[in-house]
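Going left to right, the sequence shown walks through residues 3 to 506 as the numbering used here numbers them.
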Amino acid sequence: MTDLLRVLPHFPVAQYASLISALEKVGLTTSDLLTLEAADIGKRTQLPLLDIKRLCAAVLAALHDDLGVFATSRRGQQGSSSHVQGQQHGQTLKNAPASLAAQWQTISTLDPDIDRALGGGGIPAGYVTEITGESGAGKTQFLLTLLLSVQLPPPHGLGRPALYISTEAPLSTRRLAQMLTTNPFFADLDSESGRGGEGRGKRPSLDNIISTVTPDLESQDHILTYQVPVEIERRNIGLLVLDSVAANYRAEFDRSSKETATSSSTPGARSSNMGARTAELVRLGMQLRDLAQKYNLAVVVSNQVADRFGTKMPEPISSSMARSSIPIPPRSSSNVPTPSTPYPHGHPADEPSTIHHPALHFDNQQRFFTGWGDDPYASYALKTPSLGLVWSTQISARIALFKRPAYGRTKYQADDDDDDDNVVVGSGREAVGMPMLKSWRRWMKVVFAGWTAESGTGLGEKSVEFEVWMGGLRGVGKKNGKEEGMKKGEGDLKGGGKGKGKEG
């Protein structure tokens with residue numbers, strides 16, 4: 003319970019001093035107190051069950067007071083002094099749980115399949131969400147769709163403007179105008195009077211999208227620290243987009259590391275450079291989280307990926323193949339090395355096996371938060387989101403976008419009297435069976451999120467296949483997903499079949 007005063011600074015610890023001291027000895031936290039059974043806590047601490055339940059109820063009531071949750075049925079129950087004080091001001095400080103649930107707001111992607119995979123409504127407000135994927139996977143198209151849909155009233159949007167910060171190319175206004183005129187959802191909306199049907203409201207406009215470009219890390223830090231909070235309060239911004247978050251950091255610190263390597267031979271120069279980047283990433287994450295929570299807006303950032311090299315990820319331990327492939331040394335004293343000096347601790351043989359266990363290696367752990375490597379039989383190349391583990395701890399959710407080429411056969415067959423060496427590739431007279439790139443297939447999966455479950459291993463049933471077309475993004479059906487993904491849609495972007503479309 004060492005974190006109790008950090009979580010609840012005004013909790014009356016004097017009333018439960020003996021209980022809190024016993025909990026601190028066994029290393030239990032506030033989260034453990036609320037999630038574990040009272041009997042399990044009693045076995046660890048040897049405390050009476052009634053005292054443990056009384057402490058749990060007091061901590062829970064204090065958390066309800068701090069978060070603004072008030073249950074009317076507990077007016078007559080006894081609680082902590084902070085809980086009683088909160089009841090006296092219940093008219094101004096408390097909200098019913100139903101009203102808190104009604105405050106949940108999301109930004110739709112205007113496609114029911116994609117919204118369903120994201121937890122039912124789309125991208126929620128109050129969180130920092132990352133969209134990662136390789137070039138051409140559809141990251142920018144995803145962000146442009148959100149820039150328009152955030153202007154819609156609930157439940158499709160927040161009815162508020164958007165702020166777009168680019169670190170690479172400026173905002174593509176031509177593409178936004180194309181989405182507005184092509185997407186059938188916007189076609190029924192009236193730009194002036196809002197006669198668009200019940201709950202649909204006024205048509206989005208490019209005038210409600212504020213954009214800027216930050217070419218370097220210094221200007222990005224200045225804008226996020228001083229100008230963005232002012233614009234959010236002045237215009238009631240509902241969506242903040244940073245595209246992309248890794249561009250300035252990779253350019254700044256990769257260049258600094260190269261200059262340090264050529265000008266200095268200090269062994270710790272590179273470590274200090276990485277330490278400075280870590281501090282900057284933590285500071286950026288704190289800024290974005292504070293903006294999302296203070297102004298109840300959605301913060302969405304795009305991230306680049308890099309190719310992952312190295313050994314293949316080991317298969318899950320639960321599989322029979324993995325168990326048979328891992329050698330188990332015999333339990334004999336001859337396999338244990340005899341040290342020249344006695345060990346200072348009691349169990350020296352257990353420490354090496356725990357430290358070097360394969361499940362604790364980073365190559366095994368990164369499959370849980372990167373989005374790649376969780377399927378040992380995947381045929382696509384493995385990628386790793388930029389900025390490493392430090393940035394992964396700063397975001398609330400990570401959405402990974404995948405793309406794979408779809409090949410097909412040529413339409414025409416070469417003549418029998420033609421020599422194979424004389425057939426020119428691309429002339430339409432190739433032999434049947436020669437692979438030719440027809441289009442790209444794209445998928446989306448939730449790697450981790452604070453409001454919904456992850457999509458699972460690989461590109462399974464919970465991941466959504468989608469396509470990029472003139473109106474934005476749209477899901478591909480499960481039944482005919484293979485056929486629809488192999489052919490180019492009627493409204494696909496130009497150049498999509500050759501992989502040259504600007505899909506992000």
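The beta carbon of each residue, even a glycine, is placed where N, CA and C say it ideally should be.
Item                                                                                                                                             : Value
With a 10 Å radius around its C-beta and 16 neighbouring C-beta atoms as the bar for buried, classify residue 78 as buried or exposed.           : Low local confidence applies: a pLDDT of 42 at residue 78 is under 50, so the model's placement there is unreliable, with the coordinate-based value given in what follows. Classification for residue 78: exposed.
State buried or exposed for residue 238, treating a residue as buried only when at least 16 other CB atoms are found within 10 Å of its CB.      : exposed
Taking all protein chains shown into account, decide if residue 105 is buried (16 or more other Cβ within 10 angstroms of its Cβ) or exposed.    : exposed
Can you tell me whether residue 141 is buried or exposed, with buried defined as 16 or more other CB within 10 angstroms of its CB?              : buried
Within 10 angstroms of its Cβ, does residue 60 collect 16 or more other Cβ (buried), or is it exposed?                                           : buried
Determine the direct distance from the alpha carbon of residue 444 to that of residue 189, and round the result to whole angstroms.              : 26 Å
Among 241, 67, 46, 473, which has the Cα closest to the Cα of residue 131?                                                                       : 241
Please state whether DSSP places residue 13 in a helix, a strand or coil.                                                                        : coil
How far does the alpha helix (DSSP H) with residue 245 in it reach, from first residue to last?                                                  : Where residue 245 is concerned, there is no enclosing alpha helix (DSSP H), although the beta strand (DSSP E) it sits in stretches over 241-245.
Between residue 279 and residue 254, what straight-line distance do the alpha-carbon atoms span, to the nearest angstrom?                        : 9 Å
Looking only at C-alpha atoms, which of 115, 182, 230, 42 sits nearest to residue 209?                                                           : 182
Classify residue 144 as buried or exposed, calling it buried when 16 or more other Cβ atoms lie within 10 Å of its own Cβ.                       : buried
Exposed or buried, which one is residue 474 when buried takes at least 16 other CB atoms within 10 Å?                                            : buried
Please look up how many angstroms separate the CB atoms of residue 450 and residue 399, rounded, as I've assumed it's under 8 Å.                 : 6 Å
Just verifying my parser: in three-state terms, what is the DSSP assignment at residue 166?                                                      : strand
Could you have a look at residue 438 and say whether DSSP puts it in helix, strand or coil?                                                      : strand
Where does residue 5 land, buried or exposed, given buried means 16+ other C-beta within 10 angstroms?                                           : exposed
Quick one: grab the DSSP three-state call for residue 287.                                                                                       : helix
Let me make sure I understand the geometry here. Which of 49, 373, 13 has the alpha-carbon closest to that of residue 68?                        : 13
In angstroms with no decimal places, state the Cα-to-Cα distance between residue 373 and residue 402.                                            : 6 Å
What's the gap between the Cα of residue 46 and the Cα of residue 288?                                                                           : 36 Å
From residue 21 to residue 296, what does the alpha carbon distance come to, in whole angstroms?                                                 : 35 Å
Looking at residue 388 and residue 236, is the spacing between their C-beta atoms short of 8 Å?                                                  : no
In the structure shown, what three-state DSSP assignment does residue 390 receive?                                                               : helix
How should residue 409 be labelled, buried or exposed, when 16 other C-beta atoms within 10 angstroms of its C-beta is the threshold for buried? : exposed
Whole angstroms is fine: what's the gap from residue 55's alpha carbon to residue 274's?                                                         : 48 Å
Going straight from the alpha carbon of residue 229 to that of residue 282, what length do you get?                                              : 18 Å
Inspect the beta-carbon positions of residue 478 and residue 463 and report whether they are closer than 8 Å.                                    : no
How is residue 397 classed by DSSP in three states: helix, strand or coil?                                                                       : coil
Helix, strand or coil: which one does DSSP assign to residue 181?                                                                                : helix
Ends of the alpha helix (DSSP H) at residue 188?                                                                                                 : 186-189
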